[in-house]
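Peer 1: Below: one structure in structure tokens.
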Amino acid sequence: MTHAIVYSEHGGPDVLTLTDIDVPSPEAGQVAVRIEAAGVNPIDAKLRAGLRGPVPMTHPRRIGSDGAGVVTAVGEGVDGFRVGDPVVIFSAGGLYAEQAIVKVGSIQPRPPQVDAATGAALGIPVGTAYQVLRSLDVRSGDTLVVHAGSGAVGQAAVQFAVLWGATVVATSSPSRFDRLRELGAIPVAYGEGLEQRLREAAPQGYTAAFDAAGTDEAIAASLALVDDRSRIATIVRGADAAGFGIRAFSGGSPEPLTDQQLAWRAEAVPVVLALLATGHFSVELGAQLPLAEAPQAHRLIEAHSPGKITLVP
163 MTHAIVYSEH GGPDVLTLTD IDVPSPEAGQ VAVRIEAAGV NPIDAKLRAG LRGPVPMTHP
223 RRIGSDGAGV VTAVGEGVDG FRVGDPVVIF SAGGLYAEQA IVKVGSIQPR PPQVDAATGA
283 ALGIPVGTAY QVLRSLDVRS GDTLVVHAGS GAVGQAAVQF AVLWGATVVA TSSPSRFDRL
343 RELGAIPVAY GEGLEQRLRE AAPQGYTAAF DAAGTDEAIA ASLALVDDRS RIATIVRGAD
403 AAGFGIRAFS GGSPEPLTDQ QLAWRAEAVP VVLALLATGH FSVELGAQLP LAEAPQAHRL
463 IEAHSPGKIT LVP
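Following this line, the structure appears as structure tokens:
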């Protein structure tokens, strides 16, 4: 037996409970991993609350798609991994746990320069940011605005765009300006008058916009500043993006990600691991809580606590 976080009904953070579960042996194409850290993402809280995903609930569900740990067993036909290997896990399930069975396609070797908490912070944030910027064809010469630039997805987007030669302006609260400057962005405060402040920050104009905030002001400013609406994307306002004539990737969009977009999301993890290993990428870590404190982790994520929140079994 081992421990995992489970919820049997939708609701607030307190529906998350620490439960004893059985862990099977890995089957063909799978590995068993001892989880050292699990990343907590906003989508986890939305799934728990019933705002995303299948409803109603018909059985207890586990939670968590990003993590890091050490391989403890290897299934038949698995090449390139052996017991004792440190790994990063992404696009998996049930990682708020002490142990998990994972498909080999959802793990990457973890370099010694990358600790478990940093590895657990990667999957959804870097995959989303990388895919959206690839879909928007951001490159040298572009001027990009990133709304909610100080969040985990926003910080990844800023870093990719800067690495690729774009000029980046990112919105946040003033308390987060120093972090954005560290990453190479020009910070701008959100709130009333946003469009004018953005114009002043980049008099040359904008060629693309990435909305990770979902506010009306972020959408309105993007529409006013970027002429080509195919180069405006949201990951939050998927349900009404079509009405604005902009692109949506997840975030409640009725359009599923394409095979190419899914491939980009997976490609991001080894790309970032290589950058981290050479000191060319930065992850801001936040609270690290014991596994049993998953409800508190969800309260922090819903309060937009700074830094990437992780659970440590």
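Numbering of the sequence shown is given in our numbering, commencing with residue 163 and proceeding in unit increments. For every residue, glycine included, the Cβ atom is placed at its ideal position computed from N, Cα and C.
Please state if the CB of M219 and the CB of H165 are separated by a distance shorter than 8 angstroms.
Peer 2: Counting from 1 along the sequence shown, the entry for residue 165 is found at position 3. Counting from 1 along the sequence shown, the entry for residue 219 is found at position 57. It is not a contact, given that the beta carbons lie outside the stated cut-off.
Peer 1: Among residues of its own chain, excluding the 5 on either side of V294, which ones have a beta-carbon nearer than 8 angstroms to its beta-carbon?
Peer 2: Within the sequence shown, numbered from 1, the residue matching residue 294 stands at position 132. Excluding residues within five positions, the ones whose Cβ falls inside 8 angstroms are A319, F372, A395, I397, F411.
Peer 1: Could you tell me which whole alpha helix (DSSP H) segments of length 4 or greater appear in the segment 370 to 407?
Peer 2: If we require 4 residues or more, the alpha helix (DSSP H) runs fully inside the segment 370 to 407 come out as 378 to 387, 403 to 406.
Peer 1: Does the count of Cβ pairs from the segment 254 to 263 and the segment 273 to 281 closer than 8 angstroms reach three?
Peer 2: Touching, no, given that fewer than three Cβ pairs across the two stretches are closer than 8 angstroms.
Peer 1: Please specify which runs of the beta strand (DSSP E), each continuous and at least 3 residues long, are wholly inside the segment 301 to 346, giving them in chain order.
Peer 2: As far as the segment 301 to 346 is concerned, its whole beta strand (DSSP E) runs of at least 3 residues are 305 to 309, 329 to 334.
Peer 1: Excluding the 5 residues preceding and the 5 following Q270 in the sequence, name in chain order all residues of the same chain whose CB lies nearer than 7 angstroms to its CB.
Peer 2: Translated into the one-based positions of the sequence shown, residue 270 becomes position 108. Correct list, in chain order: V249, V250, V431, P432, L435.
Peer 1: Return the first residue and the last residue of the beta strand (DSSP E) that H165 is part of.
Peer 2: Mapped onto the sequence shown, residue 165 falls at position 3. Unbroken beta strand (DSSP E) run through H165: 164 to 169.
Peer 1: Going by beta carbon distance, what residues of the same chain come within less than 6 angstroms of A351, once the five residues before and after it are set aside?
Peer 2: The sequence position of residue 351 within the sequence shown is 189, counting from 1. P336.
Peer 1: Do V307 and V288 come within 8 angstroms of each other at the CB atom, strictly closer than that value?
Peer 2: Numbered from its first residue, the sequence shown carries residue 288 at position 126. Numbered from its first residue, the sequence shown carries residue 307 at position 145. No, Cβ-Cβ distance for V288 and V307 is not below 8 angstroms.
Peer 1: In terms of alpha-carbon separation, which member of S297, S392, D304 lies closest to Q422?
Peer 2: Within the sequence shown, numbered from 1, the residue matching residue 422 stands at position 260. Ranking the options by Cα distance to Q422, first place goes to S297.
Peer 1: With distance defined between alpha-carbon atoms, name the residue in A323, L387, A291, D184 nearest to V315.
Peer 2: As a first step, residue 315 is located in the sequence shown; it is residue number 153 there, counting from the start. Comparing Cα positions, the closest option is A291.
Peer 1: Please list the terminal residues of the continuous alpha helix (DSSP H) segment that includes R196.
Peer 2: Locating residue 196 in the sequence shown gives position 34, counting from the first residue. Run containing R196: none in the alpha helix (DSSP H); it sits in the beta strand (DSSP E), 192 to 201.
Peer 1: So what does DSSP say about A465, is it helix, strand or coil?
Peer 2: For the purposes of this step, residue 465 is taken as residue 303 along the sequence shown, with counting starting at 1. Note: A465 maps to coil in three-state DSSP.
Peer 1: Assign A401 to buried or exposed, taking buried as 16 or more other Cβ atoms, counted over all protein chains shown, within 10 Å of its Cβ.
Peer 2: Within the sequence shown, the letter at position 239 stands for residue 401. Burial call: exposed.
Peer 1: Spatial neighbours of A465 within its chain, please: C-beta separation below 7 angstroms, excluding the five flanking residues on both sides.
Peer 2: As a working note, residue 465 is residue 303 in the sequence shown. Cβ neighbours of A465 beyond the five flanking positions: none.
Peer 1: Could you give the distance in angstroms between the alpha-carbon of I167 and the alpha-carbon of L213?
Peer 2: In the sequence shown, counting from the first residue as 1, residue 167 sits at position 5. In the sequence shown, counting from the first residue as 1, residue 213 sits at position 51. So the alpha carbons of these two residues sit roughly 19 angstroms apart.
Peer 1: Would you call L325 buried or exposed, if buried means 16 or more other Cβ atoms sit within 10 Å of its Cβ?
Peer 2: The residue given as residue 325 occupies position 163 in the sequence shown. With fewer than 16 other Cβ atoms within 10 Å, it is exposed.
Peer 1: Could you check if T420 is buried or exposed, using at least 16 other CB atoms within 10 Å of its CB as the buried criterion?
Peer 2: For the purposes of this step, residue 420 is taken as the residue at position 258 of the sequence shown. So T420 ends up on the exposed side.
Peer 1: Where H442 and D228 are concerned, what is the direct C-alpha to C-alpha distance, given to the nearest angstrom?
Peer 2: Position 280 of the sequence shown, counting from 1, holds the residue named residue 442. Position 66 of the sequence shown, counting from 1, holds the residue named residue 228. Straight-line Cα distance between these residues: approximately 21 angstroms.
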